[in-house]
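The sequence shown lines up with residues 4 to 236 when you count with my numbering. Here the structure is laid out as structure tokens; the discussion comes afterwards.
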Amino acid sequence: MSIRGFTILLTSYLCSGAHGFVPTSRGTVSTSFAPSNVSLSPRVGKTAMSSSREQAEQYLSESYPKFYSLLQKNPAALQRMRDSKAGFAVFAPSDAAIDSVGSEQLQLLEAAFNDPDLNQILSRMAAYHMVSAPMTAEIMGAYNVVTTRVGELPVEVAPDGTMYVNGVQIIRSYQFQDQIIQNYQDKDGNLLGSEGVEGGKICIIHEVGGFISPDDLWHAMYSHFETSGLGAM
4 MSIRGFTILL TSYLCSGAHG FVPTSRGTVS TSFAPSNVSL SPRVGKTAMS SSREQAEQYL
64 SESYPKFYSL LQKNPAALQR MRDSKAGFAV FAPSDAAIDS VGSEQLQLLE AAFNDPDLNQ
124 ILSRMAAYHM VSAPMTAEIM GAYNVVTTRV GELPVEVAPD GTMYVNGVQI IRSYQFQDQI
184 IQNYQDKDGN LLGSEGVEGG KICIIHEVGG FISPDDLWHA MYSHFETSGL GAM
């Protein structure tokens with residue numbers, strides 16, 4: 004994945020340390036040419052050099068394709084998440100994690116994707132994995148709860164620092180942040196200098212060990228197929 008023009012901060016959740024994470028960074032691009040001792044009051048303008056939302060969504064589609072298909076079952080919530088001015092957080096199970104949920108749930112999920120009557124359940128399941136704010140592990144650990152698009156889910160931190168959302172482990176996290184350049188110009192519009200500044204969106208992908216949505220959504224899917232005459236999956 005291209006790392007040009009944006010910063011990815013990779014947080015790996017290990018079994019030691021506060022909340023079980025150790026921050027590392029990669030792909031950092033930082034340029035600073037802030038003017039010093041400028042006699043005239045410079046004009047200041049900001050330029051966004053990258054879109055954290057676009058980079059995060061591209062990473063989701065490439066690294067978590069099965070889960071990304073589920074997100075697209077709730078286009079309204081997905082768009083509201085995209086439009087969040089501060090950024091967002093997504094809890095994304097990997098393809099391997101989805102494949103490990105068990106044959107019955109996999110069959111339910113596959114059948115639900117092909118049944119228009121279950122779009123609402125899939126939409127709600129997707130929304131439980133979206134947060135319209137850049138929710139970090141530190142915040143979740145401090146409040147022991149995370150508020151998703153459709154409701155709150157409990158957060159627990161084990162004695163060894165491992166973090167769980169609704170009983171599902173957070174394995175690692177990826178943080179994408181807008182890179183913004185602040186430009187300084189004189190009264191004639193000539194560039195005096197520029198520097199990287201904080202601001203813009205922060206988008207976080209928390210990789211989790213499975214679906215964090217409540218079990219009653221699975222029960223609703225199962226009941227639908229039973230009452231529709233298809234029987235148990």
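For every residue, glycine included, the Cβ atom is placed at its ideal position computed from N, Cα and C.
Min CB distance residue i to chain D below 9 Å
{"i": "M133", "result": "Looking at the structure shown, chain D is missing, and only one protein chain is on hand."}
Euclidean distance between Cα positions of residue i and residue j
{"i": "Q178", "j": "A115", "result": "31 Å"}
{"i": "C85", "j": "Q58", "result": "First, the amino acid is wrong: residue 85 is Arg here, not Cys. Spanning the two alpha carbons is a distance of roughly 12 Å."}
{"i": "I124", "j": "L220", "result": "6 Å"}
{"i": "K49", "j": "G105", "result": "Caution is warranted here: a pLDDT of 47 is assigned to K49, below 50, making its placement in the model unreliable, and no coordinate value can be reported."}
{"i": "E107", "j": "S64", "result": "25 Å"}
{"i": "P38", "j": "I205", "result": "Reliability fails at P38, whose pLDDT of 37 lies under 50, so the model's placement of it is uncertain and the value that follows must be treated cautiously. One C-alpha to the other measures close to 27 Å."}
{"i": "G192", "j": "K88", "result": "29 Å"}
{"i": "S176", "j": "K190", "result": "44 Å"}
{"i": "V134", "j": "V148", "result": "12 Å"}
{"i": "A79", "j": "A161", "result": "35 Å"}
Bridge partner(s) assigned by DSSP for residue i
{"i": "M166", "result": "V160"}
{"i": "E155", "result": "T150"}
{"i": "V171", "result": "V168"}
{"i": "P96", "result": "V211"}
{"i": "G90", "result": "I205"}
{"i": "Y131", "result": "Paired residues: none, contrary to the question."}
Span of the beta strand (DSSP E), counted from its first residue to its last, around residue i
{"i": "R83", "result": "Where R83 is concerned, there is no enclosing beta strand (DSSP E), although the alpha helix (DSSP H) it sits in stretches over P78 to D86."}
{"i": "I208", "result": "I205 to V211"}
beta-carbon residue i near the ligand ZN non-hydrogen atom, thresh 8 Å
{"i": "L125", "result": "For the ligand ZN, the structure offers nothing, since it holds no ligand at all."}
Pair within 9 Å by beta-carbon distance, residue i and residue j
{"i": "Q180", "j": "G154", "result": "no"}
{"i": "I173", "j": "Y62", "result": "no"}
{"i": "A130", "j": "T150", "result": "no"}
{"i": "G90", "j": "P137", "result": "yes"}
{"i": "D102", "j": "L109", "result": "yes"}
{"i": "H227", "j": "L73", "result": "no"}
Terminal residues of the alpha helix (DSSP H) in which residue i lies
{"i": "H222", "result": "D218 to T230"}
{"i": "S66", "result": "S55 to S66"}
{"i": "S106", "result": "S106 to F116"}
Q) Using 8 Å as the Cβ pair cut-off and three pairs as the minimum, do the segment 107-126 and the segment 160-178 touch? A) no
Q. Quick check: the segment 206-221 against the segment 86-104, are there 3 or more CB pairs under 8 Å?
A. yes
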